[in-house]
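Working notes for the structure below.
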Amino acid sequence: MPVWPGSITAITLFVDDLAATRAFYLEVFGLPILFEDENSAVFRFDNTMINLLRSSAAVSLIDPATVASRGSGSRLQLTLDVEKVDATCAELTARGVELLNGPMDREWGIRTASFRDPGGHIWEIAQPLG
Numbered sequence: 103m104p105v106w107p108g109s110i111t112a113i114t115l116f117v118d119d120l121a122a123t124r125a126f127y128l129e130v131f132g133l134p135i136l137f138e139d140e141n142s143a144v145f146r147f148d149n150t151m152i153n154l155l156r157s158s159a160a161v162s163l164i165d166p167a168t169v170a171s172r173g174s175g176s177r178l179q180l181t182l183d184v185e186k187v188d189a190t191c192a193e194l195t196a197r198g199v200e201l202l203n204g205p206m207d208r209e210w211g212i213r214t215a216s217f218r219d220p221g222g223h224i225w226e227i228a229q230p231l232g
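If you count the sequence shown from 1, position 68 lands on 170 in the working numbering, and the numbers rise without skipping.
So this is what it looks like as structure tokens:
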């Protein structure tokens, strides 16, 4: 069972120009792409995945929060693995944390919920489905 808080497993960076950012990561870090589709490219940095996500695709991920433009506000999401998203949500709300969304099952096989820290940064808790 993961200990709360566990290690950060994924950092999602919202990007306007996916192709240019993808090329930058390939050239600068020299890492292979772990996963990619038309909206994202994922790289593994040791035990942490960096997900470059097209800003337009990030809207549904953090709704009802908004994706900030490049020059204003937060453009990332930090993800923590948990054993049970629903139980962790109950613990968080008992501590006064207001959830942005979730718990919900995502089409990519993860159950998630999101909340915002006082600095406006988005945190996601996640558990694999099945």
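Glycine included, C-beta positions come from ideal geometry on N, C-alpha and C.
Fair warning: this is a prediction, and the values are worked out from it, not measured in the lab.
Cβ-Cβ separation, Ala170 to Arg177 (assumed contact under 8 Å), whole Å:
6 Å
Would DSSP call Thr195 helix, strand or coil?
helix
Kindly identify the DSSP beta-bridge partner or partners of Val117.
Arg156
According to DSSP, residues forming a beta bridge with Trp225
Leu180, Phe217
Go ahead and label Ala228 buried or exposed: buried means 16 or more other beta carbons lie within 10 angstroms of its beta carbon, across all protein chains shown.
buried
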